[in-house]
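Read top to bottom, the protein sequences are chains V and D.
Note that the numbering used here has the first sequence beginning at 2, numbered continuously upward.
Note that the numbering used here has the second sequence beginning at 192, numbered continuously upward.
Where is the CB? At the ideal position from N, CA and C, for every residue including glycine.
Presented below is the structure to which this report refers.
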Amino acid sequence: MPTTRRRFLSLAGGMTAAGAIPIVTLRPVEATPAMLTAAIRNVVGEAQLRTGKVKLDIPPLVENGNTVPMTVSVASPMTADDYVKSIHIFNEKNPQPNIGNFHLGPAAGRAQVSTRIRLADTQKVVAIARLSDDTFWQVATEVVVTLAACTEEMN
Amino acid sequence: MAALINVPAKAKRGEIIEIGTLTSHIMETGFRHTADGRLVPRDIITSFICRYNGAEIFRADLFPAIAANPYLSFFTVAKESGKFEFEWVGDNGYSSTASASIVVE
């Protein structure tokens, strides 16, 4: 049977729809390149990483990767016995996986940090919070970058 | 080195206040090359500390992935009138300080 245009389009459409599902819904938070995993293990050690509590505000589509605004906040009462000790930010595809470590304490009042970062490529950004009971909580966000940072030539 | 500090001049006791800091620094990543292929050496700020009347309330380790002219904003509880001191430390012996006062009622 000759491939008609209509048949080709319906096939292509079906494949796109089927292909999109695993990327969007089945991508596990822990499925990361080795460097990112190693950097996270450096901070977390053998402790279990749980998903939740942490919120990462970053634009989903970035035009210029040289300065990307980012805010991390953690749901915590920030009292003397229940507070956020530290917040750690990682990336998947920059030349180096670390972005920043931020050390807080009960005196912070609110567990929230903002900064501006560089992203070398379309990639995943991971934020991890260490609470006062030494549990670790994470969130991962996918960011699409159109103009990369970090490795461009110097003019 | 120029730094912009944003601390409220006045606050009520126990109020949660936001502190914003911006300092001018190239934050050269150490991963860039010149047009003729030479690696541009890394020159970044590696550490930032904020002290409130002498006690550390916020500290950050920074990496090349922090954008040029590092901006940081964080929170603290206004406990007493006094001084916030800020310190940036980096490659090649870089060091810079700034301070801001607050009146707590």
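query, result
"Helix, strand or coil at Arg223/D according to DSSP, with G and I counted as helix", "coil"
"Val114/V: contacting residues in chain D (beta-carbon distance under 9 Å)", "Phe249, Ala251, Leu263, Ser264, Phe265, Phe266"
"Thr116/V burial status per 10 Å Cβ neighbour count (16 or more: buried)", "buried"
"Cβ-based neighbour list, Ile208/D, same chain, cut-off 8 Å, excluding 5 preceding and 5 following", "Val198, Pro199, Ala202, Phe266, Thr267, Val268, Ala269, Ile293"
"Strand pairing of Glu276/D, partner residues [DSSP]", "Arg242/D, Ser290/D"
"Start and end residues, beta strand (DSSP E) containing Ile90/V", "85-92"
"Gly284/D, DSSP secondary structure in three states", "helix"
"Short CB-CB distance (under 8 Å) between Ile118/V and chain D", "yes"
"Cutoff 8 Å: Phe254/D Cβ touching any chain V Cβ", "yes"
"Start-to-end residues for the alpha helix (DSSP H) that takes in Thr68/V", "It is not in any alpha helix (DSSP H) - Thr68/V carries neither H nor E in the DSSP assignment."
"Residue range of the alpha helix (DSSP H) that includes Arg42/V", "35-45"
"C-beta contact flag for Arg233/D and Pro255/D at 8 Å", "yes"
"Interface residues of the segment 95-107 of chain V facing chain D [CB-CB below 8 Å]", "Asn95, Pro96, Gln97, Asn99, Ile100, Gly101, Asn102, Phe103, His104, Leu105, Gly106"
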